[in-house]
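**Q**
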Amino acid sequence: MGHMKGGRQSLRKRMQRGFTMVEVIVAIGMLTLVGLAAAQFAITAVHSSYAHQQRSIAVGLAESGMEQVQESVKGKDGNTIFSTLTSGMAKSQAQEALKTASDLNVIENAADTIDLGWSDTPSATAIQAKVETTDQQGKGTTYTVYTVVGKCYRLSTQASCLSAAKQGLVTTAGAVGSFKYVGQGNTAVEAASITDPTKFPTGPFNTGTAASQTYSPMVRVVVLVTWPDSQHQGKTCWYSTATILDGSNDDTLKTK
């Protein structure tokens, strides 16, 4: 009997040791899961922090770009704003900037809202349509700053500023209607000032009749900053700011 008692005690001890091992394994598993969750949380937090930092840099670049735009036309006559802002913009880069803004829906229905402008002899010292800059303090993110400048026309009875074609100034065949400047001795408006991407009307105009509505030429400016999405491979992040400048008045800045 003594032998059997000793056998039961030995079995009980082995079972106790077995349960202890299971508990240890379960505990290790739980700790591992908690550790993995904590690590994932930390990684997500780091990525979110970096994404926030990237956006902050982009916002700063966009605001700086718009400040440069407004400083460059400060004190200028309204009808020279367009030529000043497009003086550094090559055609190819201006078109790329507009396409990028359109593809990202930064500018919706571009054909209806803007007639793109550029210079045939762009200056290297003026505002450029496309500039790339790299963040030297972070992970070397490359930001692309696009500046889109174009013409649009605002009717005296409307708030929206639309392209020449959308306003009916140009026919589908490309012909420009007959218009005269208001307050300039009924001087005729050159068709090129409406159709040429390098030219701009010198002031408000209408058809010359008493009942005609007046079209005010405006300058639409969009500053767009793009950068690679650090959290989603192959995707692009962006931030933009925009303004509309009165192209016929030297002291009016109208922001949209």
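When we follow the numbering used here, the leftmost residue of the sequence shown carries the number 197, and every step to the right adds one. Beta carbons: idealized from backbone N, C-alpha and C, even for Gly. These numbers were taken from a predicted model, which means no experiment stands behind them.
Excluding the 5 residues flanking residue 341 on each side, which residues of the same chain have their C-beta closer than 8 angstroms to its C-beta?
**A** Stepping through the sequence shown from its first residue, residue 341 is reached at position 145. For residue 341, where only same-chain residues beyond five positions count, the Cβ hits under 8 angstroms are 257, 258, 261, 326, 327, 328, 329, 419, 420, 421.
**Q** Are the beta-carbon atoms belonging to residue 360 and residue 390 less than 8 angstroms from one another?
**A** Here residue 360 refers to the residue found at position 164 when the sequence shown is read from its first residue. Here residue 390 refers to the residue found at position 194 when the sequence shown is read from its first residue. Taking 8 angstroms as the Cβ cut-off, residue 360 and residue 390 qualify as a contacting pair.
**Q** Three-state secondary structure (DSSP) at residue 346?
**A** Along the sequence shown, one-based indexing puts residue 346 at 150. Three-state result, residue 346: strand.
**Q** Decide if residue 270 is buried, meaning its Cβ has at least 16 other Cβ atoms within 10 Å, or exposed.
**A** On the sequence shown, residue 270 is found 74 positions in, with the first residue counted as 1. Exposed.
**Q** Residue 356 by DSSP, collapsed to three states: which one?
**A** As a first step, residue 356 must be located in the sequence shown, where it is residue number 160. Reduced to three states, the DSSP call for residue 356 is coil.
**Q** Can you list the beta strand (DSSP E) stretches of 3 or more residues lying completely in the segment 365–391, in chain order?
**A** List check, beta strand (DSSP E) in window: nothing returned.
**Q** For residue 383, which of 403, 368, 394 has the nearest alpha-carbon?
**A** The count along the sequence shown starts at 1 and reaches residue 383 at position 187. Checking every option, the nearest Cα to that of residue 383 belongs to 403.
**Q** Measure the alpha-carbon distance for residue 247 versus residue 227 and round it to whole angstroms.
**A** The residue given as residue 247 occupies position 51 in the sequence shown. The residue given as residue 227 occupies position 31 in the sequence shown. Whole-angstrom Cα-Cα distance: 30 angstroms.
**Q** Could you check where the alpha helix (DSSP H) with residue 362 kicks off and where it finishes?
**A** One-based indexing of the sequence shown puts residue 362 at position 166. Unbroken run through residue 362: none, as it is neither H nor E.
**Q** Taking only three categories from DSSP, how would you classify residue 446?
**A** Along the sequence shown, read from residue 1 onward, the residue named residue 446 stands at position 250. In this predicted model, residue 446 has a pLDDT of only 39, less than 50, meaning its place in the structure is not dependable enough to derive any value.
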